[in-house]
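K.L.:
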Amino acid sequence: MAFLWLLIWEVRSPSLHPCSYGSTLRYKGVERMKPVGKHSLIGASGELSDFQEILRYLDELMLYDNLWDNGNSLGPKEVHNYLTRVMYNRRNQFNPLWNSLVLGGVKNGQKYLGTVNMIGVHYEDNHVATGFGNHLARPILRDEWHENLSFEDGVKLLEKCMRVLLYRDRSAVNKLQATNITEEGVTISQPYALKTSWNLAAFKNPTVGAEGSW
Amino acid sequence: MSSIGTGYDLSVTTFSPDGRVFQIEYAAKAVDNSGTVVGIKCKDGVVLGVEKLIASKMMLPGSNRRIHAVHRHSGMAVAGLAADGRQIVARAKSEATNYESVYGEPIPVKELADRVASYVHLCTLYWWLRPFGCGVILGGYDRDGPQLYMVEPSGVSHRYFGTSIGKGRQAAKTEIEKLKLSEMTCRQGVIEVAKIIYGVHDEAKDKAFELEMSWVCDESNRQHQKVPDDLLEEAKAAAKAALEEMDAD
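In the order they appear, the protein sequences are chains S and L. Residue numbers for the first sequence follow the working numbering, so the first one is 28 and each next one is one higher. Residue numbers for the second sequence follow the working numbering, so the first one is 6 and each next one is one higher.
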């Protein structure tokens, strides 16, 4: 889980979660963020195979759009709306795509950031998250996000949130990517790790003072 | 060349005594009466060009596209009845996306040409369907390199270095044969196609026309797209200059 998006130029950090195999954190190198067309980027948490299917739908959508060859192209708002329709329809058929999606992009100077989940709940905001991110990261973002964040400050803010998630989420892995979407295009960074410090006294002798321990 | 097929030309399921199916030949006439369409295969790609005869001054330039993208790597230029052509393009698009979803790779151009030809041929087999009144030049770039195919209303399809259909096809073919296509890049090919189309345009019979061109080449990243505006303008200018030179002789 834990996808975080920030609306500045659109920075986003992907999740700290590998693709699990049951409760084994099996595939740590899978990328869960992909560019969509010229203007947008999608990130997903949840079932990877369903995300792959969504990518196929989007590929078909983008191909159809490109074949018009008329200088127009689908922007993030349109793609978000399309995904909302797909997710909500599947939920109504009791056959959901088990994902929480985050969709952001910039088109004609307009920034857009939205999210949709497996039951079709969708909204747009200045910062969105999936899974645990909603509980741990968004309060931080509510306090510290403001309109004029620079890209570097945005990354720092996101890393602060990701660090909290890394410390608190038992299934998180220290590997993340940041992406930047501007009018010119999408850049996804190479995976990197956050610096963490586990030198806390409480971790040295974890059972000291616990009930029933000695 | 053509003979009246009295009695044997009422249905596409009727042969004449000399073994011709007249309805298909009449369909080909619809193609012959339309604006010239030219396609050439250069060493790094395919260039398609269409002489779009403008029916009315009220039409917006750039509308009524005659060249359609079929998939990312291929496109189709249509001559003849435009509505029939749209149907063929729609079918080709559907074949291409279906192939990709089944086999996981973009449809090879040869396969696409085969499927389009089969579809066009299908409509020559039943009395309750009429043949398509349009011919199609299909250009694409797959892992075997750039390829150019033409599909006629009879359903035959051949692979070409260069070909043309429509009004000025004979003159255009003569001009294409003069070109050294294997040494030409698509940039040069665009200029040559423009010259050919301007050259075969009959000023007396048809008034205005609009030149529409597209390419699939290394420069366009093996994607089918309209020729970029600046190159198109350059090609038009070169073609007009070549015409003036010819007139001056």
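All C-beta atoms, glycine included, are put in the ideal place defined by N, C-alpha and C.
Return the first residue and the last residue of the alpha helix (DSSP H) that V94 of chain L is part of.
P.N.:
Here residue 94 of chain L is taken as the residue at index 89 of the second sequence, counted from 1. Secondary structure note for V94 of chain L: its alpha helix (DSSP H) is the uninterrupted segment A87 to Y108.
K.L.:
I think M189 of chain S touches L203 of chain S, with their Cβ atoms under 8 Å apart; what is that distance to the nearest whole Å?
P.N.:
As a working mapping, residue 189 of chain S is identified with position 162 in the first sequence. As a working mapping, residue 203 of chain S is identified with position 176 in the first sequence. Right, the Cβ-Cβ distance comes to about 6 Å (below 8 Å), so this counts as a contact.
K.L.:
Any beta carbon of chain L sitting closer than 8 Å to that of N93 of chain S?
P.N.:
Along the first sequence, read from residue 1 onward, the residue named residue 93 of chain S stands at position 66. Yes, because at least one Cβ of chain L sits closer than 8 Å to the Cβ of N93 of chain S.
K.L.:
For V83 of chain L versus R71 of chain L, is the C-beta distance shorter than 8 Å?
P.N.:
Numbered from its first residue, the second sequence carries residue 83 of chain L at position 78. Numbered from its first residue, the second sequence carries residue 71 of chain L at position 66. Yes. Within cutoff.
K.L.:
Whole angstroms is fine: what's the gap from E217 of chain L's alpha carbon to V75 of chain L's?
P.N.:
For the purposes of this step, residue 217 of chain L is taken as residue 212 along the second sequence, with counting starting at 1. For the purposes of this step, residue 75 of chain L is taken as residue 70 along the second sequence, with counting starting at 1. For E217 of chain L and V75 of chain L, the distance between alpha carbons rounds to 16 Å.
K.L.:
Assign M6 of chain L to one of two classes, buried (16 or more other C-beta atoms within 10 Å of its C-beta) or exposed (fewer than that).
P.N.:
For the purposes of this step, residue 6 of chain L is taken as residue 1 along the second sequence, with counting starting at 1. Only weak support is given to the placement of M6 of chain L: the predicted model assigns it a pLDDT of 46, under 50, and the question is left unresolved by the model.
K.L.:
Given a threshold of 16 other Cβ atoms within 10 Å of its Cβ, counted over all protein chains shown, does N126 of chain S qualify as buried or as exposed?
P.N.:
For the purposes of this step, residue 126 of chain S is taken as residue 99 along the first sequence, with counting starting at 1. The residue is buried, with at least 16 neighbouring Cβ atoms inside 10 Å.
K.L.:
Going by DSSP in three states, M114 of chain S sits in which element: helix, strand or coil?
P.N.:
To locate residue 114 of chain S, count along the first sequence from 1; it is residue 87. Here M114 of chain S sits in helix by DSSP.
K.L.:
Note down, in chain order, all residues in the segment 219-242 of chain L with a beta-carbon under 7 Å from any beta-carbon belonging to chain S.
P.N.:
Answer in chain order: Q230 and K231.
K.L.:
What is the rounded straight-line gap between the Cα of N135 of chain S and the Cα of P62 of chain S?
P.N.:
As a working note, residue 135 of chain S is residue 108 in the first sequence. As a working note, residue 62 of chain S is residue 35 in the first sequence. Distance between the alpha carbons of N135 of chain S and P62 of chain S: 17 Å.
K.L.:
Please return the same chain residues whose Cβ sits closer than 6 Å to the Cβ of A176 of chain L, not counting the five positions on each side in sequence.
P.N.:
As a first step, residue 176 of chain L must be located in the second sequence, where it is residue number 171. Closer than 6 Å at the Cβ level, and outside the excluded window around A176 of chain L, lie V205.
K.L.:
If L68 of chain S sits next to T206 of chain S, beta carbons under 8 Å apart, how far is it from one beta carbon to the other, in whole angstroms?
P.N.:
As a first step, residue 68 of chain S must be located in the first sequence, where it is residue number 41. As a first step, residue 206 of chain S must be located in the first sequence, where it is residue number 179. Indeed, because the Cβ distance is near 6 Å, the residues count as touching under 8 Å.
K.L.:
Using beta carbons (cut-off 8 Å, strictly below), is T177 of chain L in contact with chain S?
P.N.:
On the second sequence, position 172 is the one that residue 177 of chain L refers to. The amino acid occupying residue 177 of chain L in the given sequence is Ala; Thr does not appear at that position. By this cut-off, A177 of chain L is not an interface position.
K.L.:
DSSP has Q152 of chain L in a bridge; who is on the other side?
P.N.:
As a working mapping, residue 152 of chain L is identified with position 147 in the second sequence. According to DSSP, which records beta bridges pairwise, Q152 of chain L is partnered with L:G145.
K.L.:
With distances taken from CA atoms, which of L:K34, L:Q28 and L:I45 is nearest G255 of chain L?
P.N.:
Residue 255 of chain L lies beyond the stretch modelled for chain L, which goes from 6 to 254, so this question has no answer here.
K.L.:
For P218 of chain S, decide whether its Cβ has a neighbour in chain L, counting only Cβ atoms nearer than 8 Å.
P.N.:
On the first sequence, residue 218 of chain S is found 191 positions in, with the first residue counted as 1. P218 of chain S does not count as touching chain L.
K.L.:
To the nearest angstrom, how far is it from the Cα of G145 of chain L to the Cα of K241 of chain L?
P.N.:
Your numbering for residue 145 of chain L matches position 140 in the second sequence. Your numbering for residue 241 of chain L matches position 236 in the second sequence. Going by the C-alpha atoms only, they are around 24 Å apart.
K.L.:
How is the alpha helix (DSSP H) around I81 of chain S delimited, first residue to last?
P.N.:
In the first sequence, counting from the first residue as 1, residue 81 of chain S sits at position 54. Residue range L75 to L94 is occupied by the alpha helix (DSSP H) that includes I81 of chain S.
K.L.:
For N116 of chain S, count neighbouring C-beta atoms within 10 Å of its own C-beta (all shown protein chains included) and say buried if the count is 16 or more, exposed if not.
P.N.:
As a first step, residue 116 of chain S is located in the first sequence; it is residue number 89 there, counting from the start. N116 of chain S should be labelled exposed.
K.L.:
Roughly how many angstroms lie between the CA atoms of L134 of chain L and L53 of chain L, to the nearest whole one?
P.N.:
Locating residue 134 of chain L in the second sequence gives position 129, counting from the first residue. Locating residue 53 of chain L in the second sequence gives position 48, counting from the first residue. CA-to-CA, the gap between L134 of chain L and L53 of chain L works out to about 30 Å.
K.L.:
Pull up the DSSP beta-bridge partners for L216 of chain L, would you.
P.N.:
For the purposes of this step, residue 216 of chain L is taken as the residue at position 211 of the second sequence. DSSP output for L216 of chain L lists L:E56 as bridge partner(s).
K.L.:
At a Cβ threshold of 8 Å, is A87 of chain L touching chain S?
P.N.:
The sequence position of residue 87 of chain L within the second sequence is 82, counting from 1. Judged by the 8 Å Cβ criterion, A87 of chain L is not in contact with chain S.
K.L.:
Rounded to whole angstroms, what's the CA-CA distance from I35 of chain S to G181 of chain S? Just pull it up for me.
P.N.:
Taking the first residue of the first sequence as 1, we reach residue 35 of chain S at position 8. Taking the first residue of the first sequence as 1, we reach residue 181 of chain S at position 154. Reliability fails at I35 of chain S, whose pLDDT of 48 lies under 50, so the model's placement of it is uncertain and the value that follows must be treated cautiously. Looking at the two C-alpha atoms, the distance is approximately 7 Å.
K.L.:
State the DSSP-derived secondary structure class of Y48 of chain S, mapped to helix, strand or coil.
P.N.:
As a working mapping, residue 48 of chain S is identified with position 21 in the first sequence. Correct three-state label for Y48 of chain S: strand.
K.L.:
What does the Cβ neighbour count give for K231 of chain L, buried or exposed, with the cut at 16 atoms within 10 Å?
P.N.:
As a working mapping, residue 231 of chain L is identified with position 226 in the second sequence. That one is buried.
K.L.:
Compare the C-beta of R77 of chain L against all C-beta atoms of chain S and say whether one is closer than 8 Å.
P.N.:
For this step, residue 77 of chain L is matched to residue 72 along the second sequence. Yes, its Cβ sits closer than 8 Å to a Cβ of chain S.
K.L.:
For M189 of chain S, which of helix, strand or coil comes out of DSSP?
P.N.:
Numbered from 1 along the first sequence, position 162 holds the residue referred to as residue 189 of chain S. Looking at M189 of chain S - three-state DSSP - the assignment turns out to be helix.
K.L.:
Chain L partners of E211 of chain S, CB-CB under 9 Å?
P.N.:
Here residue 211 of chain S corresponds to residue number 184 of the first sequence, with the count starting at 1. Per Cβ cutoff of 9 Å: no residues; E211 of chain S is ~17 Å from chain L at best.
K.L.:
Spatial neighbours of V125 of chain L within its chain, please: C-beta separation below 7 Å, excluding the five flanking residues on both sides.
P.N.:
Working through the second sequence from its first residue, we reach residue 125 of chain L at position 120. So the list reads I93, F137, V156, P158 and G160, once near-sequence residues are dropped.
K.L.:
Among the residues of its own chain, which have a CB less than 6 Å from the CB of S162 of chain L, if the five just before and after it don't count?
P.N.:
As a first step, residue 162 of chain L is located in the second sequence; it is residue number 157 there, counting from the start. Only A118, A122, Y154 and V156 meet the Cβ criterion.
K.L.:
By a C-beta neighbour count over all protein chains shown, 10 Å radius and 16 as the cutoff for buried, is T11 of chain L buried or exposed?
P.N.:
Along the second sequence, one-based indexing puts residue 11 of chain L at 6. T11 of chain L comes out exposed.
K.L.:
State the beta-bridge partners of C222 of chain L as determined by DSSP.
P.N.:
Within the second sequence, numbered from 1, the residue matching residue 222 of chain L stands at position 217. Answer by DSSP bridge pairing, in chain order: L:G50.
K.L.:
Once the 5 residues before and after I215 of chain S are set aside, which same chain residues still bring their CB inside 7 Å of it?
P.N.:
Taking the first sequence and counting its residues from 1, one reaches residue 215 of chain S at position 188. Counting only Cβ-Cβ distances below 7 Å, and skipping sequence neighbours, we find M60, Q204 and T206.
K.L.:
Closest Cβ-Cβ distance between K57 of chain L and chain B: below 8 Å?
P.N.:
Given the protein chain composition of this structure (S and L), no chain B is represented.
K.L.:
Got a sec: is the Cβ-Cβ distance from A74 of chain L to anything in chain S below 8 Å?
P.N.:
Along the second sequence, read from residue 1 onward, the residue named residue 74 of chain L stands at position 69. Chain S contact via Cβ: present.
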